[in-house]
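I have placed the structure first, in the form of structure tokens, so that the comments after it can refer back to it.
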Amino acid sequence: MQNDMQNDMQKTMPHDIPWWQTAVVYQVYPRSFSDSNFDGIGDLEGVRSRLDYLQWLGVDAIWLSPMFRSPMADFGYDVSDYCDVDPVFGSLADMDALIQDCHSRGMKLMLDWVPNHTSDEHPWFVESRSDRTNPKADWYVWRDEPANNWFAELTTGQSAWQFDEPRNQYYLHLFLRQQPDLNWDNPEVEMAMHDTLRFWMDRGVDGFRMDVIHLIGKEIDRNDPDEAFAKQQGHGSLNDVAITHERLRAIRRVLDEYEGDRASVGEVYLLDEAKMVEYYGAGDELHLSFNFSFLWARWDAPALRTRILTTLSHLQPRGAWPTWVLSNHDVPRHRQRYGGTEEAARVAAVMLLTLPGTPFVYQGEELGLIDAVVPPEQVVDPGGRDGCRAPIPWTADADHGWPLGSWLPFPPEADDRNVGTLQQNTDSILHLYRNLLQARRGHPALQSGTFSMSDRDDDVIVYERDGGERRYRVVLNLGSESLAFDDLRGATVLVSTVPRDAFASFDGVVPAQSAVVAMVP
Ligand code: TEU
Ligand code: CA
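In my numbering, the protein residues as written are 1 to 521.
Dropping the structure here:
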């Protein structure tokens, strides 16, 4: 084992570790999770009714994608009131009940704060666009001419500037034109947005996933030299300016006004670990940041080893805590990206849940889902992301727990890949996720032990987590040949992606396309 990736994560005893470091966070995309009133759209009561399931699975925290009031041009990422719940999802009273029920089960709840832009139906924008002198005139980014060459996301090759009457000016929108960018250079905007955080922390939420948080600082009156290259994806993944860090420190101070480790995880959509890590600041900006370089890595052992080691080499010297994410509501599900086999999805689950840092599980990945095939007439997302947002199949019945249908078609194989069916089969991928979550709780070294990766150049990723008293070896065999580890003969296997005879002693052999977590004898 190489020792160069050792870190001092384990030096803190488990009880000193904040919840967001040991937790497994489960992303709920509320439209597609569970529908309580049978209008075909998931809702807050639906989430609440499934907390038994999430507790059975063993997750520690929920990140709830936006449930704020919204015209739904971007399915909730276009907010028209940060301090209310959209009627399609329920009411503020439903949110209070959800927060309380999570807490009574020892689960944390994080909301999805959308600070870069509002909906064009937000009263702030309605006022701002009405003329050039109203009190909100400077709350958005207005110019007489497009101030730069930036492209919008979620549309192909569309300018990020939209002409608007009656101001006879252009406004900036890095996403849809129904999502005007807020002007964070205006201190009134910054204060108003801080108050939206306080509103929810007063109601008890434990933290926030912060949507495209690296965009709240911009150098607007400047062309981007790489923009032509970025035409297909938009300006977002190129934007990285110093002022954002000052604003993140101010946001951190708002979180720190509250008791109880209120946490932030930023969607820093920069495909470069060295840039991404800056958003942790000196421990005074984000608590956690997503890591899209890892998410987009190929299912290939050398590529993954490189991304893991690169990530840790940037984070560890700063004491920044890593996150690991394979799927979310914006990208094709990872089983699909990794070639479609369940074997790969199982090995990926072991990797996700044993790397050093906070793992995020996207609803449905524990069922091994791939994306729904959405026929052209059923496409609703302008960004082409409907497939990964398909509703969760709860039962093997024809309606899969959505009695009057659902807003999107079900994923493939829903007759077999549904919660009810997989719960009954202890060899299922769902039970694998559950076993991994149990193993993390029973063996805290898997949460916060040191990490060291074996130096190899084959199709197998091998690393150890060391808790001081016990060492655990994780073997991820992505290759096509089985591999024998002599020193693991007789070891206790905590988790295996292939069924094993519980009474037989471990022979140290890890078959092709499989993974184990073993206690080193
Ligand atoms: O996503 C930001 C983001 O980087 C995506 O737009 C990504 O580039 C795109 O989905 C291609 O994969 C966040 C939210 O997660 C997304 O759902 C929103 O649409 C977007 O911000 C705007 O709020
Ligand atoms: Ca509903």
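Think of the CB as a built atom: it goes at the ideal place given N, C-alpha and C, for glycine as much as any other residue.
- Counting along the chain, the unbroken beta strand (DSSP E) around residue 461 starts and ends at 460-466.
- The segment 372-392 makes contact with the segment 408-419: 3 or more CB pairs, one atom from each, lie closer than 8 Å.
- Per the DSSP secondary-structure output, residue 431 pairs with nothing in a beta bridge.
- If you look at residue 110, you'll find it in the beta strand (DSSP E) that goes 108-113.
- Contact between residue 20 and residue 288 holds, with the beta-carbon distance rounding to 6 Å and staying under 8 Å.
- For ligand 2, the residues with a Cβ under 5 Å from any of its heavy atoms are, in chain order, 35, 37, 39, 41, 43.
- Taken in chain order, the complete beta strand (DSSP E) segments of 3 residues or longer contained in the segment 320-383 are 323-325, 358-362.
- For residue 48, the closest of 98, 84, 87, 89 by C-alpha to C-alpha distance is 98.
- Excluding its 5 nearest sequence neighbours in each direction, residue 151 has C-beta neighbours in its own chain below 7 Å: 157, 158, 159, 160, 227, 230, 231, 234, 235, listed in chain order.
- Counting along the chain, the unbroken alpha helix (DSSP H) around residue 100 starts and ends at 92-104.
- With a cutoff of 8 Å on beta-carbon distance, residue 295 and residue 270 are scored as not near each other.
- By the Cβ rule, the segment 169-177 counts as touching the segment 141-148, because three or more pairs are nearer than 8 Å.
- Annotation for residue 175 indicates a beta carbon within 7 Å of some heavy atom of ligand 1.
- Between residue 267 and residue 293, the beta carbon gap of about 14 Å keeps them out of contact (Cβ cut-off 8 Å).
- Considering only 211, 241, 213, the residue with the shortest C-alpha distance to residue 220 is 241.
- Secondary structure within the segment 217-258: the alpha helix (DSSP H) runs of 4 or more consecutive residues, fully enclosed, are 243-256 (chain order).
- Between residue 79 and residue 361, the gap from beta carbon to beta carbon reaches 8 Å or more.
- Per DSSP, the beta-bridge partners of residue 169 are 164.
- Of the other Cβ atoms in all chains shown, fewer than 16 fall within 10 Å of the Cβ of residue 56; this residue is therefore exposed.
- With a cutoff of 7 Å, residue 154 counts as near ligand 1, since its C-beta is closer than that to a heavy atom of the ligand.
- Taking the C-beta atoms as reference points, residue 453 is found no nearer than 8 Å to residue 251.
- Residue 489 and residue 483 have their C-alpha atoms roughly 12 Å apart.
- A Cβ-Cβ distance of about 5 Å is found for the pair residue 102 and residue 109, placing them in contact under the 8 Å criterion.
- Counting C-beta atoms within 10 angstroms of its own C-beta, residue 428 has 16 or more neighbours from the protein chains shown and is therefore classed as buried.
- When secondary structure is reduced to three states using DSSP, residue 518 falls in the strand class.
- In this structure, the beta-carbon distance from residue 178 to residue 73 falls below 8 Å.
- Contact between residue 465 and residue 485 fails: their C-beta atoms lie close to 16 Å from each other, not under 8 Å.
- Beta bridge pairing from DSSP links residue 140 with 182.
- Remark: the shortest separation between the CB of residue 329 and any heavy atom of ligand 1 falls under 7 Å.
- Around the Cβ of residue 404, a 10 Å sphere holds fewer than 16 other Cβ atoms; the residue is exposed.
- Going by DSSP, residue 476 is part of the beta strand (DSSP E) stretching over 471-477.
- Here DSSP, grouped into helix, strand and coil, assigns residue 84 to strand.
- Residue environment: residue 504 is assigned as exposed (fewer than 16 neighbouring CB atoms within 10 Å of its CB, all protein chains considered).
- Residue 510 has 483 as its beta-bridge partners, per DSSP.
- Take residue 481, set aside five residues on each side of it, and the residues of its chain with a beta-carbon closer than 6 Å to its own are 512, in chain order.
- Beta-bridge pairing by DSSP links residue 117 to 181.
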